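Asker: One structure follows; several queries about it will come next.
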Amino acid sequence: SDISEEIVNNEQSFIINVKKGDIINIAEIGIKEIESKPPSLYSEENLIEDLKNFGLLIKNENPELLENIKSNIDIKKLQIGTQGTRPGIIERLKYLNFIELKNNKFIPTEKGLKYYEIFKDLEISNVIVTALWEMKLKNVADGNEDIKLFYQEITDFTEKIVKDIFSTNKQIDFSIQKKSYGECPSC
3 SDISEEIVNN
13 EQSFIINVKK
23 GDIINIAEIG
33 IKEIESKPPS
43 LYSEENLIED
53 LKNFGLLIKN
63 ENPELLENIK
73 SNIDIKKLQI
83 GTQGTRPGII
93 ERLKYLNFIE
103 LKNNKFIPTE
113 KGLKYYEIFK
123 DLEISNVIVT
133 ALWEMKLKNV
143 ADGNEDIKLF
153 YQEITDFTEK
163 IVKDIFSTNK
173 QIDFSIQKKS
183 YGECPSC
């Protein structure tokens, strides 16, 4: 059977066809040293933009994931929240001290990271799942999906995620270390 392999050389891609058992001469082997960088932090502007255009974000950030879901959904319609709810969600995260705005960038707080540690492996933290629920809700609002079916699905999903949350065995210490700025000179 024919196997197509993609070979990347000097930032140019090309396809060669090889059959099982073929011998391929390799001219050069090398190790390319790269430095990985964490994703850049969000500003309020680009966070709202990515939530609004979530399908485009997935296309750019995780094309493999997009391949798995694109047959079921229109990625142009995929978003998190609505224009009216996104700012409130961000404000709520700041109010709960899960994120803070420093130098016009959102930074997770110690408390936010601890909560993330609990939920990161659960379905509730999967942004694709959230985006799909948002799309279903919009379909209900537009009259394109049965409201009773939607309520049954969301009820079942809610029961499942509550069970998931209560079945986690992670022990997280939520005491927050206060920063010390020194001792009072009068004391």
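First residue of the sequence shown: 3, per the working numbering; consecutive thereafter.
For each residue, glycine too, the CB sits at the ideal point set by N, CA and C.
What you are looking at is a predicted structure, and each value in this text was computed from that prediction instead of being measured.
1) Since Glu102 sits in a beta bridge, which residues does DSSP pair it with?
2) Can you tell me whether DSSP reads Lys172 as helix, strand or coil?
3) How close, in whole Å, do the beta carbons of Pro110 and Phe121 come, if the pair is a contact with beta carbons under 8 angstroms?
4) Give the range of the alpha helix (DSSP H) segment to which Tyr97 is assigned.
5) Thinking C-alpha only, which one of Ser38, Leu139, Leu43, Asn19 is nearest Lys104?
6) So, is Phe108 buried or exposed, given that buried needs 16 or more other C-beta atoms within 10 angstroms?
7) How about Ile92 and Leu49: do their beta carbons lie closer than 8 angstroms?
8) Along the alpha helix (DSSP H) that carries Asn27, what are the first and last residues, could you check?
9) Glu125 and Lys138: beta carbons closer than 8 angstroms?
10) Specify, as a first and last residue, the run of the alpha helix (DSSP H) that Asp148 falls within.
11) For Ile28, which residues in the same chain have their Cβ closer than 7 angstroms to its Cβ, ignoring the five residues on either side in sequence?
12) Is Arg94 close to chain C? Criterion is C-beta to C-beta, closer than 8 angstroms.
13) Relative to the alpha-carbon of Asn64, which residue among Gln85, Leu134, Ile130 has its alpha-carbon at the smallest distance?
14) Ignore the nearest five residues each way along the sequence and tell me which others in Tyr118's own chain have a CB closer than 8 angstroms to its CB.
Answerer: Taking the structure as given:
1) Ile109
2) coil
3) The Cβ separation is near 13 angstroms, so there is no contact.
4) 88-97
5) Leu43
6) buried
7) yes
8) Counting along the chain, Asn27 falls outside any alpha helix (DSSP H), and DSSP gives it neither H nor E.
9) no
10) No alpha helix (DSSP H) holds Asp148; DSSP gives it neither H nor E.
11) none
12) Protein chains in the displayed structure number just one, and chain C is not present.
13) Ile130
14) Pro110, Ser127
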